[in-house]
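In our numbering, the protein residues as written are 628 to 877.
Below: the structure, in structure tokens.
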Ligand SMILES: NC(=O)c1ccc[n+]([C@@H]2O[C@H](COP(=O)([O-])OP(=O)(O)OC[C@H]3O[C@@H](n4cnc5c(N)ncnc54)[C@H](OP(=O)(O)O)[C@@H]3O)[C@@H](O)[C@H]2O)c1
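Listed below in structure tokens is the structure:
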């Protein structure tokens, strides 16, 4: 993929890997539409960048996704990359809280169902463009769960499956749209603040490696320690389960 001259929507762009992506992509000569709930933070960060706009949106609310898609159709009709990176987790153990259902519902709406909605609604827009791509941030937990983020891990497994279906379906219908998946490792961001681990990577380092792989058309990206997790997973899913739960001290 060409890493400049694109029009890119990035979700979760106010912090962590989304913000690192917005910074690096604008610096490379792309135009970025930054999306998240916290509008004040988005505006503050976008003001520091060349060619960045903002759209505040709660992705767990289908009506706000409809408004986002309308905004894109009217204001960025030549959008060619959609980077679905926003995510939410609850760090807890199953059977120890009454909140499990509420946690799972919020995680599923935000992490998975929003992606189903956006992929479906924006596929016709991207299909008209040159070099179009969907980029989805999943996690090593898409392969094997981290038991201290159990219902979150299930949403990433669902998203991993969806990425594979989207990629193969688009390939088989001859669509120009490519689908990239980032199986992100533990990253030092607000998201992982409750995970006690010394294995967290800086978001900017992960995004640098991710963009290099997108430039080389690597469809399934395993940054940092995820590459070792993936290697172990292919040999022994049981060992991979132990490995990931060792990394998060679960
Ligand atoms: N950090 C890790 O260790 C790790 C590991 C594997 C995978 N990941 C994945 O990496 C992605 C990025 O996370 P990060 O580590 O960079 O954490 P982060 O800095 O906390 O970023 C998550 C972003 O998602 C946005 N967000 C959350 N709920 C939202 C909603 N309902 N609507 C719109 N935006 C929402 C947040 O912004 P607002 O609060 O302003 O909405 C925030 O900017 C996530 O998908 C996460 O699952 C992270």
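Positions of the beta carbon are idealized from the N, C-alpha and C atoms, including for glycine.
Just so we're clear, the structure is a prediction, and the values are computed from it rather than from any experiment.
(request) Could you tell me the distance, in whole angstroms, from the CA atom of residue 853 to the CA atom of residue 840? (result) If I take the Cα positions, the gap works out to 14 Å.
(request) Look at the alpha carbon of residue 706 and the alpha carbon of residue 750, and state the distance between them as a whole number of angstroms. (result) 11 Å
(message) Please report the straight-line C-alpha distance between residue 744 and residue 689, rounded to a whole angstrom.
(response) Cα to Cα, the separation comes out at about 8 Å.
(message) Suppose the cutoff is 6 Å on Cβ atoms and the five residues either side in sequence are ignored; what does the same chain contact list for residue 677 look like?
(response) 653
(request) Please report the Cβ distance between residue 662 and residue 679, rounded to the nearest whole angstrom; I am assuming they are in contact, meaning their Cβ atoms lie under 8 Å. (result) Contact doesn't hold; Cβ gap of about 11 Å is too wide.
(request) Determine the direct distance from the alpha carbon of residue 788 to that of residue 722, and round the result to whole angstroms. (result) 26 Å
(message) Let's see if you can read the secondary structure: which residues bound the alpha helix (DSSP H) around residue 718?
(response) Careful: residue 718 lies outside any alpha helix (DSSP H) and carries neither H nor E.
(request) Pick out the complete alpha helix (DSSP H) segments inside the stretch 647 to 719, 4 residues or longer, and give them in chain order. (result) Runs of the alpha helix (DSSP H) inside the stretch 647 to 719: 666 to 673 and 689 to 702.
(request) Can you give me the start and stop residues for the beta strand (DSSP E) that residue 837 sits inside? (result) In this chain, residue 837 is not harboured by any beta strand (DSSP E); it is covered by the alpha helix (DSSP H) spanning 830 to 842.
(message) Between residue 819 and ligand 1, is there a pair consisting of the residue's CB and a ligand heavy atom that are separated by less than 7 Å?
(response) Of the heavy atoms belonging to ligand 1, at least one sits nearer than 7 Å to the Cβ of residue 819.
(request) On a CA-only basis, which of 804, 849, 862 and 822 is nearest residue 628? Give me that one, please. (result) Closest by alpha carbon: 804.
(request) Just the C-alpha distance for residue 831 and residue 693, rounded to the nearest angstrom, thanks. (result) Between residue 831 and residue 693, the alpha-carbon positions lie close to 30 Å from each other.
(request) Could you tell me if the beta carbon of residue 670 falls within a distance shorter than 7 Å of some heavy atom in ligand 1? (result) No - ligand 1 has no heavy atom lying nearer than 7 Å to the Cβ of residue 670.
(request) Identify whether residue 781 lies in helix, strand or coil by the three-state DSSP scheme. (result) helix
(request) Output the boundary residues of the alpha helix (DSSP H) element that contains residue 728. (result) 727 to 734
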